[in-house]
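Chemist: Sequences listed follow chains Z and P, in order. Quick note, the first sequence lines up with residues 327 to 580 if you use the working numbering. Quick note, the second sequence lines up with residues 1022 to 1277 if you use the working numbering. Every residue, glycine too, gets a C-beta built ideally from N, C-alpha and C. Below you will find the structure I want to go over with you.
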Amino acid sequence: MPANAIIEVKGISKTYEGGVEALAGIDLALPQGMLSTLLGPSGCGKTTLLKIIAGLIPPSQGEVWVKGQKVDGPGPERAFVFQDFALLPWGSVLRNVAFGLELRGVAKDEREQIARKHIHEVGLKSFESSYPHQLSGGMRQRVGLARALTVDADIILMDEPFSSVDEQTRRKFQEELLDLLRHKKKTVIFVTHSIEEAVYLSDRIVLLSPRPGKISQIIESNIDRQDENPEEIRRDKNYLDTVDRIWQILKQYV
Amino acid sequence: MHRSLPPFAWQLISFALVFGIWEFAGRWPISLAFPSFSQTLLALFSMIADGSLAKAYLITLQPLVIGIALSSIAGIGFGIAMGLSRSVEWFSLPVMIVLQAAPMAAIIPLLTYIYGIGLTSKVLAVVVLASPVIVMNSYKGIRNANPSLIEMCRAFLGTRQQEIVKIILPHASALIFAGLRLGLAMGFIGIVIAELLITPTGIGDLITYNSSVADYPNMFAAIVSIIIFAALTIHALERLERKLFPPEIRGLENAR
Chain Z
327 MPANAIIEVK GISKTYEGGV EALAGIDLAL PQGMLSTLLG PSGCGKTTLL KIIAGLIPPS
387 QGEVWVKGQK VDGPGPERAF VFQDFALLPW GSVLRNVAFG LELRGVAKDE REQIARKHIH
447 EVGLKSFESS YPHQLSGGMR QRVGLARALT VDADIILMDE PFSSVDEQTR RKFQEELLDL
507 LRHKKKTVIF VTHSIEEAVY LSDRIVLLSP RPGKISQIIE SNIDRQDENP EEIRRDKNYL
567 DTVDRIWQIL KQYV
Chain P
1022 MHRSLPPFAW QLISFALVFG IWEFAGRWPI SLAFPSFSQT LLALFSMIAD GSLAKAYLIT
1082 LQPLVIGIAL SSIAGIGFGI AMGLSRSVEW FSLPVMIVLQ AAPMAAIIPL LTYIYGIGLT
1142 SKVLAVVVLA SPVIVMNSYK GIRNANPSLI EMCRAFLGTR QQEIVKIILP HASALIFAGL
1202 RLGLAMGFIG IVIAELLITP TGIGDLITYN SSVADYPNMF AAIVSIIIFA ALTIHALERL
1262 ERKLFPPEIR GLENAR
């Protein structure tokens, strides 16, 4: 286990009611301040694992420790970004972004001030009073991201956040996400089924094999993100090699 | 055909056609007890003018308003409890499904037997017809709450109480309101049956009295007036509903 592990997953198994075995014997340590990806084909339990780390689903066996504390439910140090955005349809962008703070009982003026700052950060300035149905998929997910940033959690858990966003929007969003998170020094756990997305975004890729979900391999990509501009990464030899290496491994499960 | 007439013109034509056939059938006449459209309309105006219609509605509306108010409070409360608690659901869902499907008008004679011929029986007739749909809509509204939003609320440390107040109830409000509208429609049926079946009062009295003295235009005017009154009230509620709960923001599920 790395010394700076912020999340430790110890012997997690999950069997759903009805006997479907989603995860079996997962051991994993995720380092602080890095973007790690859980990658695998559908049915490998990657979302289940993320939700267990979030404390939204109880494991059948094993424990998750976050910042030295055992997880038995959601906590203030973890924020979640949902695949289907999970925005209140009757709430404005401002209300949705401030919703985490609203639940925590932060006064209206204060929480809206904080929310405005993060709305600007994700590029939604002047959309504060719009409603979700008036926004595109990409913009809705920006609201979801801003909501997660607003509660100022150290760890951001993202469940296939770009899967319902079109390709062009996704690329732009990925670049901005990298930029934003580099400045914030957040720990991010990112679930995806896209190899390119995983390699492009993350320092460390956890490959899961399906039925039941097990860790197949952990790959560290040595792409230098500090110097290169985001466009360059996609042409980097390291990037292309890593994508190919992962495909060779995942191929056998498809 | 495709581009010629606006929708309201078609509606006008439809009304004109129905009233035209009615006028023709009344003048033919197909029965001595069937007045023409124009006779009915004149009778309606004279009943409005001499105040007898207003007096009748004042009496009819009393049990209707009390009954709908009672059904709303109890029905919404009960429906919400059914939606939130599994044990209340198991206990009452089968009964509610039977009540909603059953021809509840059949138990009005029983109500008269127990509660007599006064206001209580009429209020209960409204309650018995209106409350099942109000309960079921409230229950479905609560049950339909988006599981993803509930998970989001939990992930951001919402308590169960916040989950109910900030997610489940706002989500259910459109369906609950639709339940009230359907409940009122049932309430109109309930009050008319009660006034015809229990003791003739209000609008039921106008219908029965004029029928017994063979004043058919007046009798038809009373019937037409309650139909128009119910249709306009329900239509107004429907417009209010669309204003309060625009479909893109709430109420993707259809009522019923």
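Kindly indicate which three-state DSSP category Z:Val346 falls into: helix, strand or coil?
Modeler: For the purposes of this step, residue 346 of chain Z is taken as residue 20 along the first sequence, with counting starting at 1. Here Z:Val346 sits in coil by DSSP.
Chemist: Considering only the beta carbon of each residue, do P:Gly1098 and P:Ser1152 sit closer than 8 Å?
Modeler: Here residue 1098 of chain P is taken as the residue at index 77 of the second sequence, counted from 1. Here residue 1152 of chain P is taken as the residue at index 131 of the second sequence, counted from 1. Not a contact, by the Cβ cut-off of 8 Å.
Chemist: Report the residues of the segment 1162 to 1173 of chain P with a CB closer than 7 Å to any CB of chain Z, ordered along the chain.
Modeler: Against chain Z - using a Cβ distance shorter than 7 Å - the residues of the segment 1162 to 1173 of chain P are Ser1169, Leu1170, Glu1172, Met1173.
Chemist: For the candidate residues P:Ile1051, P:Tyr1136, P:Leu1114, P:Ile1185, whose alpha-carbon lies nearest to that of P:Met1157?
Modeler: In the second sequence, counting from the first residue as 1, residue 1157 of chain P sits at position 136. Measuring from the Cα of P:Met1157, the nearest candidate turns out to be P:Leu1114.
Chemist: What residue from P:Thr1220, P:Leu1140, P:Arg1263, P:Leu1227 has the CA that sits closest to P:Ala1075's CA?
Modeler: Translated into positions along the second sequence, residue 1075 of chain P becomes position 54. Of the listed residues, the one whose Cα sits closest to P:Ala1075 is P:Leu1227.
Chemist: Could you confirm whether any beta carbon from chain Z is found closer than 8 Å to the beta carbon of P:Ala1193?
Modeler: Indexing the second sequence from 1 puts residue 1193 of chain P at position 172. No, its Cβ sits nowhere closer than 8 Å to a Cβ of chain Z.
Chemist: How far does the beta strand (DSSP E) with Z:Gly337 in it extend, from its first residue to its last?
Modeler: Taking the first sequence and counting its residues from 1, the one referred to as residue 337 of chain Z is at position 11. Per DSSP, Z:Gly337 belongs to the beta strand (DSSP E) from 331 to 341.
Chemist: Who are the neighbours of Z:Pro402 on chain P, taking C-beta pairs under 7 Å?
Modeler: Counted from its first residue, the first sequence places residue 402 of chain Z at position 76. Neighbours of Z:Pro402 on chain P, chain order: Leu1178.
Chemist: Have a look at P:Glu1184 and P:Asn1167 and give me their C-alpha separation to the nearest angstrom.
Modeler: Locating residue 1184 of chain P in the second sequence gives position 163, where the first residue counts as 1. Locating residue 1167 of chain P in the second sequence gives position 146, where the first residue counts as 1. Each residue's alpha carbon lies about 11 Å from the other.
Chemist: Using the Cα positions of P:Tyr1160 and P:Trp1031, report the straight-line distance between them to the nearest angstrom.
Modeler: Position 139 of the second sequence, counted from the first residue, corresponds to residue 1160 of chain P. Position 10 of the second sequence, counted from the first residue, corresponds to residue 1031 of chain P. So the alpha carbons of these two residues sit roughly 38 Å apart.
Chemist: Ordered along the chain, which non-local residues of its own chain (more than five positions away) have a Cβ less than 8 Å from that of P:Arg1164?
Modeler: Here residue 1164 of chain P refers to the residue found at position 143 of the second sequence. Gly1104, listed in sequence order.
Chemist: Would you kindly work out how many angstroms separate the C-alpha atoms of P:Gly1091 and P:Val1144, rounded to a whole number?
Modeler: Along the second sequence, read from residue 1 onward, the residue named residue 1091 of chain P stands at position 70. Along the second sequence, read from residue 1 onward, the residue named residue 1144 of chain P stands at position 123. The question names Gly, but residue 1091 of chain P is Leu in the sequence shown. Using only the alpha carbons, I get a separation of about 9 Å.
Chemist: In angstroms, rounded to a whole number, what distance separates the CA positions of P:Ile1270 and P:Gly1139?
Modeler: Numbered from 1 along the second sequence, position 249 holds the residue referred to as residue 1270 of chain P. Numbered from 1 along the second sequence, position 118 holds the residue referred to as residue 1139 of chain P. For P:Ile1270 and P:Gly1139, the distance between alpha carbons rounds to 45 Å.
Chemist: Considering Cα atoms alone, identify which of Z:Gly464, Z:His459, Z:Arg437, Z:Glu436 is closest to Z:Gly449.
Modeler: As a working mapping, residue 449 of chain Z is identified with position 123 in the first sequence. That would be Z:Gly464, whose Cα lies nearest to the Cα of Z:Gly449.
Chemist: Looking only at its chain, what residues have a beta carbon closer than 8 Å to the beta carbon of Z:Tyr565, apart from the 5 residues adjacent to it on each side?
Modeler: Your numbering for residue 565 of chain Z matches position 239 in the first sequence. Cβ within range, chain order: Val525, Tyr526, Ser547, Ile549, Ile559.
Chemist: Please classify Z:Val477: does DSSP put it in a helix, a strand, or coil?
Modeler: Locating residue 477 of chain Z in the first sequence gives position 151, where the first residue counts as 1. Three-state DSSP puts Z:Val477 in coil, outside helix and strand.
Chemist: Rounded to the nearest angstrom, what separates Z:Arg508 and Z:Gly344 at their Cα positions?
Modeler: Within the first sequence, residue 508 of chain Z is the residue found at index 182, counting from 1. Within the first sequence, residue 344 of chain Z is the residue found at index 18, counting from 1. Z:Arg508 and Z:Gly344: Cα-Cα distance of roughly 42 Å.
Chemist: Rounded to whole angstroms, what is the Cα-Cα separation between P:Ala1276 and Z:Phe411?
Modeler: As a working note, residue 1276 of chain P is residue 255 in the second sequence. As a working note, residue 411 of chain Z is residue 85 in the first sequence. The predicted position of P:Ala1276 is uncertain, since its pLDDT is 33 and thus under 50; a value taken from the coordinates is nonetheless stated next. Taking the straight line joining both Cα atoms gives about 26 Å.
Chemist: Can you give the Cα-Cα distance for P:Gly1137 and P:Ala1215, rounded to whole angstroms?
Modeler: The residue you call residue 1137 of chain P lines up with position 116 of the second sequence. The residue you call residue 1215 of chain P lines up with position 194 of the second sequence. Each residue's alpha carbon lies about 12 Å from the other.
Chemist: What in chain Z is Cβ-close to P:Arg1175, meaning under 7 Å?
Modeler: Taking the first residue of the second sequence as position 1, residue 1175 of chain P is located at position 154. Chain Z residues near P:Arg1175: Leu382, Pro400.
Chemist: Output, in chain order, the set of chain Z residues within a Cβ distance shorter than 7 Å of P:Gln1183.
Modeler: Numbered from its first residue, the second sequence carries residue 1183 of chain P at position 162. Chain Z residues near P:Gln1183: Leu429.
Chemist: On the DSSP bridge list, what partners appear for Z:Gln543?
Modeler: As a first step, residue 543 of chain Z must be located in the first sequence, where it is residue number 217. For Z:Gln543, which the question treats as bridged, DSSP gives the partners Z:Leu533.
Chemist: Please classify P:Val1263: is it buried, with 16 or more other beta-carbons within 10 angstroms of its beta-carbon, or exposed?
Modeler: Translated into positions along the second sequence, residue 1263 of chain P becomes position 242. With the sequence shown as reference, residue 1263 of chain P is identified as Arg, and Val is not the correct amino acid for it. Its Cβ having fewer than 16 others within 10 Å, P:Arg1263 is exposed.
Chemist: Which residues in the same chain have their Cβ closer than 8 Å to the Cβ of P:Glu1110, if we skip the five residues on either side of it in sequence?
Modeler: Reading the second sequence from its first residue, position 89 is the one you call residue 1110 of chain P. Only Met1103, Gly1104, Tyr1160 meet the Cβ criterion.
Chemist: How long is the line joining the alpha carbons of Z:Pro487 and Z:Gly381, rounded to whole angstroms?
Modeler: Taking the first residue of the first sequence as 1, we reach residue 487 of chain Z at position 161. Taking the first residue of the first sequence as 1, we reach residue 381 of chain Z at position 55. Cα to Cα, the separation comes out at about 18 Å.
Chemist: Looking at C-beta atoms only, is the number of pairs between the segment 345 to 364 of chain Z and the segment 373 to 388 of chain Z that lie closer than 8 Å three or more?
Modeler: The segment 345 to 364 of chain Z vs the segment 373 to 388 of chain Z: in contact.
Chemist: Under 8 Å, with one C-beta from each stretch per pair, do the segment 477 to 493 of chain Z and the segment 404 to 423 of chain Z reach the 3-pair mark?
Modeler: Contact between the segment 477 to 493 of chain Z and the segment 404 to 423 of chain Z is present, because at least three Cβ pairs lie under 8 Å.
Chemist: Taking Z:Leu375 as the query, report the chain P residues whose CB atoms sit under 8 Å from its CB, ordered along the chain.
Modeler: Walking along the first sequence from the start, residue 375 of chain Z turns up at place 49. Chain P residues near Z:Leu375: none, gap ~15 Å exceeds 8 Å.
Chemist: Looking at the C-beta of Z:Pro415, does it have a partner C-beta in chain P at a distance below 8 Å?
Modeler: Your numbering for residue 415 of chain Z matches position 89 in the first sequence. For Z:Pro415, the answer is yes, since a Cβ of chain P falls inside 8 Å of its Cβ.
Chemist: Who are Z:Met484's beta bridge partners in DSSP?
Modeler: The residue you call residue 484 of chain Z lines up with position 158 of the first sequence. Beta-bridge pairing links Z:Met484 to Z:Val407, Z:Phe516.
Chemist: Name, in chain order, the residues that DSSP records as bridge partners for Z:Gln387.
Modeler: Translated into positions along the first sequence, residue 387 of chain Z becomes position 61. Z:Gln387 pairs with Z:Ser339.
Chemist: Between Z:Asp485 and Z:Gln387, which are expected to be in contact by the criterion C-beta below 8 Å, what is the C-beta distance as a whole number of angstroms?
Modeler: For this step, residue 485 of chain Z is matched to residue 159 along the first sequence. For this step, residue 387 of chain Z is matched to residue 61 along the first sequence. Incorrect: roughly 22 Å between the Cβ atoms, too far for contact.
Chemist: Please look up how many angstroms separate the CB atoms of P:Val1147 and P:Gly1100, rounded, as I've assumed it's under 8 Å.
Modeler: Walking along the second sequence from the start, residue 1147 of chain P turns up at place 126. Walking along the second sequence from the start, residue 1100 of chain P turns up at place 79. Actually they do not touch by this definition, with Cβ atoms about 17 Å apart.
Chemist: Okay, do the segment 1118 to 1129 of chain P and the segment 1180 to 1198 of chain P touch, 3+ Cβ pairs below 8 Å being the bar?
Modeler: Result no; under three Cβ-Cβ pairs closer than 8 Å.
Chemist: For chain P, check one thing: does any of its Cβ atoms lie closer than 8 Å to the Cβ of Z:Gly463?
Modeler: As a position in the first sequence, residue 463 of chain Z is number 137, starting the count at 1. No, Z:Gly463 lies away from the interface with chain P (no Cβ there is under 8 Å from its Cβ).
Chemist: Taking only three categories from DSSP, how would you classify P:Asp1071?
Modeler: Counting from 1 along the second sequence, the entry for residue 1071 of chain P is found at position 50. Looking at P:Asp1071 - three-state DSSP - the assignment turns out to be coil, as it is neither helix nor strand.
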